[in-house]
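Undergrad: All residue numbers for the sequence shown refer to our numbering, where the first residue is 10 and numbers rise by one. Built from N, CA and C at the ideal position, the CB exists for glycine as well. Below: one structure in structure tokens.
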Amino acid sequence: MAHRFDPREKHKLESEERRKHLPPEAVLDLLELSLGETLVDLGCGPGYFALPAAERVGPQGQVFAVDVEEEMLRALEEKLPSRGVSNVKTVRSETYRVPLPDGVAEALLLAFVLHEVESPKRLAAEASRLLRPGGRVLVLEWQRKETPMGPPLSERLTEEEVLEILKDSGLKIRDSGPFREWFFFVRAQKA
């Protein structure tokens, strides 16, 4: 049974240890995020990827930082003024329903979220709805092997499972494979 990350542990999401193993810039490179684009960071937490993404897309771009946990969104909102960021909009969502219009983004990030929900297929379908035609999605998940941090092995998805979930959502797989030491990625595109 899936479980959600405890928002009281949000400091772990921004630790130096995490930065060492998962630099946000490397993730944004993999997503091929560029100036002027709109990104949906689905399951944004306290903004580990959303803040660097806001810099990457620049003032012409937009980042929708989406989470089900109000505490995570508040933590992100508190950082915005000191960073001088005006192109991040926080969005409280339900698990499978994001209150944003169809086709709102060129890019979507699902970083370590699919394993946390009961129905990854429903969440992937919602992600697909949010993408414009030709839009890109990047999924990051934990490899199903022992690692010093991360969810229990029983809750981790395999790369094959994620590929199937995205295909079932009507997304075209671009590529997939290991990412850094403990993770894997899947890149897909909306037709």
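Let me check understanding here. Comparing Cα to Cα, which of PHE188, GLY143, THR167, LEU166 lies closest to GLY179?
TA: Of PHE188, GLY143, THR167, LEU166, the residue nearest in Cα terms is GLY143.
Undergrad: Extract the residue ranges of the alpha helix (DSSP H) inside the stretch 34-118, only unbroken runs of 4 or more that lie entirely within it.
TA: Runs found: 59-66, 79-92.
Undergrad: Give the straight-line distance between the Cα atoms of LYS98 and GLU168, rounded to the nearest whole angstrom.
TA: Whole-angstrom Cα-Cα distance: 31 Å.
Undergrad: Run through DSSP, which three-state label would GLU150 get?
TA: Note: GLU150 maps to strand in three-state DSSP.
Undergrad: Give the range of the alpha helix (DSSP H) segment to which LEU139 is assigned.
TA: Looking at the DSSP string, the run of the alpha helix (DSSP H) that includes LEU139 is 129-139.
Undergrad: Taking 8 Å as the threshold, find out whether the stretch 175-189 comes into contact with the stretch 153-167 through three or more Cβ pairs.
TA: The stretch 175-189, when compared against the stretch 153-167, does not touch it at the 8 Å Cβ threshold.
Undergrad: Put LEU180 into one of helix, strand or coil per three-state DSSP.
TA: Here LEU180 sits in strand by DSSP.
Undergrad: Helix, strand or coil: which one does DSSP assign to ARG196?
TA: ARG196: strand per DSSP, three-state reduction.
Undergrad: Beta-carbon separation of LEU40 and LEU109 under 9 Å?
TA: Contact flag unset, no.
Undergrad: How is MET10 classed by DSSP in three states: helix, strand or coil?
TA: Because the pLDDT of MET10 is 45, which lies under 50, any placement of that residue in the model is unreliable, and the number read from its coordinates should be weighed accordingly. Of the three classes helix, strand and coil, the one that applies to MET10 here is coil, per DSSP.
Undergrad: Tell me the DSSP secondary structure of ARG189 in three-state form.
TA: Coil.
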